[in-house]
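The structure appears below as structure tokens.
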Amino acid sequence: MSTRAKWLLIAVLSVLALGSTGAVGAVAWQQYQQRLAAPSDVSTTGADAVTAADRIVFRNTASGEGYGHVASVPIDDPTSTRAVSDVACDRVDATADEFSCLRIVRGITPTYTATFYTADAVETAAWPLPGIPSRTRISSDGTLIATTSFVTGHSYATIGFSTETKIHTRDGSDFGNLEDWTLIIDGADSAPVDRNYWGVTFVDDDTFYATAGMTTEGITYLVRGSISERTLTTLAENVECPSLSPDGTRIAFKRATGGSGPTVHWTPAVYDITTGEVSLLPESRNIDDQIEWLDDKTILYGMPREDAVGDYDVWSLETDDSGEPEVFIEHAWSPSVVRVP
Amino acid sequence: MYISLTNSPVSKEKRDAKKQDAGRNAPRGVRTVSSTVLTLGLVSMLTDISSESVSAILPLYITGFLGLSTIAFGVLDGLYQGTSALVRIAGGYASDRLDQPKWVAFVGYALAAVARVGLLLWSGFAALTAVITADRIGKGIRTAPRDALITATSDPDHLAGSFGVHRMLDNIGAAIGPFLAFLILLIVPDGFHIVFAASLAFAGIGVLILGLIVPNVRTRRAEIAAGTRTRIDWRSVTRGRMRRVLAAAGILGLVTIGDGFVYLVLQARSDFAALWFPLLYVGTNVAFLAFAIPLGRLADRVGRARVFVWSHVGLLGAYVLAVLPMEDIAATILCLVFLGAFYAGTDGVLSALTAQLTSVESRGTAIATAQTVVAVTRFVSAAGFGVLWYAVGREPAMIIVAIVLVVAIPLVAVLLRPLLSPERADAAKVEAS
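Order-wise, the sequence lines are chains U and D.
Heads up: the first sequence at position 173 corresponds to 183 in the numbering used here, and the numbers run straight through without jumps.
Heads up: the second sequence at position 354 corresponds to 1197 in the numbering used here, and the numbers run straight through without jumps.
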């Protein structure tokens, strides 16, 4: 075969290969457009109801119009028509007057942002995140916003697993990366080289709980943080993504109960702050979420749906061993319980 | 830029005649680059579009689509370090021993392409691990034989320039890949499988071009025909002036902490860098491709060892700029420019320097060894810097490494003094052969 004939063959096969890719893309685009235009799988209304009374605010993952948008349902009737707003978020937390929204901004260059909104969706502050959003929590008085995101760069191997957790005030200023604060392990100052923090839950406008993780050893600690002293003090081991109960006596979290690294299995558990006692909850599936308290004896968490990619359900579970996990809101993710004072 | 084609490989005997020829016909400033180098550059470009498009979206795919935790992602990417370094020397050795550089490289490229099929067929962590590992092994296998092919089909006097051309094309692919992937996801947000299909298509075309077009330059054919094939002398790879080069590459590798940390320092100080953090490496790639040819040609003119050593000033510049109190946007952009120049002045130039110092029969092994020394020492450096980072803090750690680098550069310049000028490098080559 002459060189010219070889190049011709290459050209023909290239056109075929790229043409097939284009065809795959065209079909996928058409299906995506159909999904987008389709009415939502669940019954929805406009956004005004977001500012209603006691409610669950969450990310709507029902296929069709309004997918990925912040929605809400009344606490006492979670399966009723959901009010879907115009704001799309990947992770959301809300109080009565405002909500925090972490988002992957798609574009020719994807970026990641945190945005703080009033309850009627007026933006009040925004700041960039260094990677894929993970967790967010607002303090109960609405003055502090905690965000955790992954640090997603290209030269990942040289850095390893890395998160960035920061606490911002509502005007957008922050207290720095928690990694720069003083870590006190078992009463002594310590600075392990691979520490990471994630999953803040606020006690008041100075104190909070969070997870400190040592990547190489695979140890995680529950830490209590003080904003005024810029310290983090360890309390217990193997506690991840803490969530303080409304009465402030217990912490719900995910505990690694099997496997390690990529095969880790997390089980929801409750830690009693005064006694230090930990009880595992009757959930056999692996949960990877920061738990939310519905009330002092019920927790909520998101779980991916087995039959659909990118779709989740919010499940509820009693903390007193009195029941099995139940679906609380279908096609929903990142639940946040809002009680109007 | 104008690149004229020649019909290489150039044999040593023909070289002088050819040089005279070029001197007569080619206008001033025009260099000749063999068509094989351009074809290999095209193959690398297509392969880089393929692999970079996938790695750019991998974090989104794993966490957003598969619903796996990002811890899994860290583990996945860590697989790269071990597998690639080990396989690389094996690839270089096999290429030399079998005298089949093209087909050893072909195995490496084909393995990565076949792995892409797996991405389309399976999802889930186990499949992803297998695919990424195969991809990295493929990269390890192909690098040294490919660089040996570039050496064999290039004019030895313009070798670094040839590597520059190849690395430029390679980095064009590395810059296109992420944008192609993100463009696809912009149009179809959950269209990960389209990215995988495109990745497979580009990898397949690359393998096809390599298989059909690139000649298999068998530098030891006569020797094999005569039945006098000798074993590869490992000592020749680590002896004499090569030992100096390996030591220099190792010492400088130990102070090369990796761009990831530079990006992290920038990201911590500036909202601008934080906003663009996921894409800073693309900026470095663009700077790399812009500098690849000029620095390669400079290396041919003033000496490859000299450019290799002094390019680390670019690295030093990046360290210093990352902590210098100046305008954030300027610091970020200059940092990327300096990092790109550093890679452009070291990557292909080191291969050219190694090729120049070793004989034909152990060239692949030598190139692979030098690259492995760089990869391993940089990994050690990154791990060590991680410790320093937490011990003394972000910016002090950076300043300490910058100071060590200030000491290391002249030290290595002294170490490489016998090789610093091009004339002396030629003398060294004669001595070695």
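All C-beta atoms in this analysis are idealised placements derived from N, C-alpha and C, irrespective of residue type, glycine included.
Practice task
Please classify V288(U): does DSSP put it in a helix, a strand, or coil?
Solution key: Sequence index remark: in the first sequence, residue 288(U) carries index 278 (1-based). Assignment of V288(U) by DSSP, reduced to helix, strand and coil, places it in the strand class.
Problem - Given 8 Å, three or more beta-carbon pairs between the region 325–337 of chain U and the region 39–58 of chain U - result: Not touching, per the Cβ criterion.
Exercise for the section: Please name the residue or residues paired with I309(U) in a DSSP beta bridge. Expected result: For the purposes of this step, residue 309(U) is identified with residue 299 of the first sequence, where counting begins at 1. According to DSSP, I309(U) bridges with W303(U) and L327(U).
Exercise for the section: Below 8 Å on the Cβ atoms is my guess for G235(U) versus T158(U); work out the distance and round it to an integer in Å. Expected result: Within the first sequence, the letter at position 225 stands for residue 235(U). Within the first sequence, the letter at position 148 stands for residue 158(U). With 8 Å as the limit, G235(U) and T158(U) do not qualify as a contact, their Cβ atoms being about 13 Å apart.
Problem - Cα-Cα separation, A953(D) to A1046(D) - result: Counting from 1 along the second sequence, the entry for residue 953(D) is found at position 110. Counting from 1 along the second sequence, the entry for residue 1046(D) is found at position 203. C-alpha separation (whole angstroms): 8 Å.
Handout entry: Three or more C-beta pairs below 8 Å linking the region 1002–1022 of chain D and the region 1170–1177 of chain D
Key = By the criterion of at least three beta-carbon pairs nearer than 8 Å, the region 1002–1022 of chain D is not in contact with the region 1170–1177 of chain D.
Handout entry: CB contact check: V249(U) to chain D, cutoff 8 Å
Key = Reading the first sequence from its first residue, position 239 is the one you call residue 249(U). Judged by the 8 Å Cβ criterion, V249(U) is not in contact with chain D.
Exercise for the section: With DSSP collapsed to three states, give me the class of G866(D). Expected result: If you number the second sequence from 1, residue 866(D) lands on position 23. Low local confidence applies: a pLDDT of 40 at G866(D) is under 50, so the model's placement there is unreliable, with the coordinate-based value given in what follows. It is helical.
Exercise for the section: Answer yes or no: does any C-beta atom of chain U fall closer than 8 Å to that of P1121(D)? Expected result: Against the second sequence, residue 1121(D) aligns to sequence position 278. It does: the Cβ of P1121(D) has a partner Cβ on chain U nearer than 8 Å.
Problem - Inter-residue CB distance, L840(D) and V1150(D) (contact presumed, cutoff 8 Å) - result: This structure leaves residue 840(D) out entirely; chain D is present only between 844 and 1276.
Handout entry: T284(U) classed as buried or exposed, judged by whether at least 16 other C-beta atoms fall within 10 angstroms
Key = Walking along the first sequence from the start, residue 284(U) turns up at place 274. Exposed is the call here.
Handout entry: Length of the line joining the Cα atoms of H275(U) and Y219(U)
Key = Position 265 of the first sequence, counted from the start, is the residue given in the question as residue 275(U). Position 209 of the first sequence, counted from the start, is the residue given in the question as residue 219(U). Rounded to the nearest angstrom, the gap between the Cα atoms of H275(U) and Y219(U) is 22 Å.
Practice task
Quick one: which residues of the region 119–138 of chain U get their C-beta closer than 8 Å to a C-beta of chain D? List them in chain order.
Solution key: Taking a C-beta cut-off of 8 Å against chain D, the contacting residues of the region 119–138 of chain U are T119, P120, T121, Y122, W137 and P138, listed in chain order.
Practice task
Specify the secondary structure class of V1150(D) as computed by DSSP and reduced to three states.
Solution key: Residue 1150(D) sits at position 307 when you count from the first residue of the second sequence. Helix.
Exercise for the section: Please name the residue or residues paired with Y207(U) in a DSSP beta bridge. Expected result: Mapped onto the first sequence, residue 207(U) falls at position 197. Y207(U) is bridged to A222(U).
Problem - Collapsed DSSP secondary structure at L18(U) in the structure displayed - result: Taking the first sequence and counting its residues from 1, one reaches residue 18(U) at position 8. In this structure, L18(U) counts as helix in the three-state DSSP scheme.
Problem - Under 8 Å from the C-beta of W325(U): neighbouring residues of chain D - result: The count along the first sequence starts at 1 and reaches residue 325(U) at position 315. Those do not exist, as W325(U) stays about 15 Å from chain D at its closest Cβ, beyond 8 Å.
Practice task
Check whether the Cβ of L964(D) lies closer than 8 Å to any Cβ atom in chain U.
Solution key: Counted from its first residue, the second sequence places residue 964(D) at position 121. For L964(D), the answer is no, since every Cβ of chain U falls outside 8 Å of its Cβ.
Exercise for the section: Quick one: list the residues of chain D neighbouring P140(U), beta-carbon separation under 7 Å, in chain order. Expected result: As a first step, residue 140(U) is located in the first sequence; it is residue number 130 there, counting from the start. The answer, in chain order, is Q1110, A1117 and F1120.
Exercise for the section: Mind checking who Y231(U) pairs with in its DSSP beta bridge? Expected result: Stepping through the first sequence from its first residue, residue 231(U) is reached at position 221. DSSP, once it has assigned bridges, lists A222(U) and E247(U) as partnering Y231(U).
Practice task
Name the two residues that bound the continuous alpha helix (DSSP H) containing S82(U).
Solution key: The sequence position of residue 82(U) within the first sequence is 72, counting from 1. Careful: S82(U) lies outside any alpha helix (DSSP H), inside the beta strand (DSSP E) at H79 to P84.
Exercise for the section: For A342(U), decide whether its Cβ has a neighbour in chain D, counting only Cβ atoms nearer than 8 Å. Expected result: Here the question's residue 342(U) lines up with position 332 in the first sequence. No, because no Cβ of chain D sits closer than 8 Å to the Cβ of A342(U).
Problem - Cross-strand partners of W276(U) (DSSP beta bridge) - result: Along the first sequence, one-based indexing puts residue 276(U) at 266. In DSSP, W276(U) forms a bridge with A266(U).
Practice task
Answer yes or no: does any C-beta atom of chain C fall closer than 8 Å to that of D990(D)?
Solution key: Chain labels in this structure do not include chain C; the protein chains are U and D.
Practice task
Might you give, ordered along the chain, the residues of its own chain that have their beta carbon closer than 6 Å to the beta carbon of G268(U), omitting 5 neighbours on each side?
Solution key: Stepping through the first sequence from its first residue, residue 268(U) is reached at position 258. The answer, listed in chain order, is H275.
Handout entry: CA-to-CA distance, F1104(D) to A1041(D), given in whole angstroms
Key = The sequence position of residue 1041(D) within the second sequence is 198, counting from 1. The sequence position of residue 1104(D) within the second sequence is 261, counting from 1. Linking A1041(D) to F1104(D) through their CA atoms gives a straight-line distance of about 31 Å.
Exercise for the section: Return no unless some Cβ of chain U is closer than 8 Å to the Cβ of A906(D). Expected result: Against the second sequence, residue 906(D) aligns to sequence position 63. Checking the sequence, you will find Thr at residue 906(D) rather than Ala. Yes, T906(D) lies at the interface with chain U (some Cβ there is under 8 Å from its Cβ).
Problem - Candidates F1035(D), V1219(D) and I1100(D), of which the one nearest A1245(D) by Cα - result: On the second sequence, position 402 is the one that residue 1245(D) refers to. Answer by Cα proximity: I1100(D).
Handout entry: In DSSP terms, what D103(U) is bridged to
Key = Mapped onto the first sequence, residue 103(U) falls at position 93. Paired residue(s): S110(U).
Practice task
Verify whether the separation of the beta carbon atoms of S927(D) and A987(D) is less than 8 Å.
Solution key: Here residue 927(D) is taken as the residue at index 84 of the second sequence, counted from 1. Here residue 987(D) is taken as the residue at index 144 of the second sequence, counted from 1. Pairing S927(D) with A987(D) gives a Cβ-Cβ distance that is not under 8 Å.
Exercise for the section: Pull up the distance between the alpha-carbon of D216(U) and that of S150(U), whole angstroms please. Expected result: What you label residue 216(U) is simply residue 206 of the first sequence in a count that begins at 1. What you label residue 150(U) is simply residue 140 of the first sequence in a count that begins at 1. As the crow flies, the alpha-carbon of D216(U) is around 11 Å from that of S150(U).
Practice task
Starting from L1193(D), find everything on chain U with Cβ-Cβ shorter than 9 Å and list it in chain order.
Solution key: Position 350 of the second sequence holds residue 1193(D). What L1193(D) touches in chain U: nothing, since even the nearest Cβ is about 19 Å away.
Exercise for the section: Excluding the 5 residues preceding and the 5 following G76(U) in the sequence, name in chain order all residues of the same chain whose CB lies nearer than 7 Å to its CB. Expected result: Counting from one through the first sequence, the residue named residue 76(U) turns up at place 66. Here the set comprises S50, T54, N70 and V94.
Handout entry: Burial state of E316(U) (16 or more Cβ within 10 Å)
Key = One-based indexing of the first sequence puts residue 316(U) at position 306. So E316(U) ends up on the exposed side.
Exercise for the section: Identify the continuous alpha helix (DSSP H) that holds G320(U) and give its terminal residues. Expected result: Position 310 of the first sequence, counted from the first residue, corresponds to residue 320(U). Looking at the DSSP string, G320(U) is not in any alpha helix (DSSP H), and its letter there is neither H nor E.
Practice task
Only counting runs of 4 or more residues, tell me where the alpha helix (DSSP H) segments fall wholly within the region 1129–1178 of chain D, in order along the chain.
Solution key: DSSP runs (the alpha helix (DSSP H)) wholly in the region 1129–1178 of chain D: 1147–1153 and 1155–1166.
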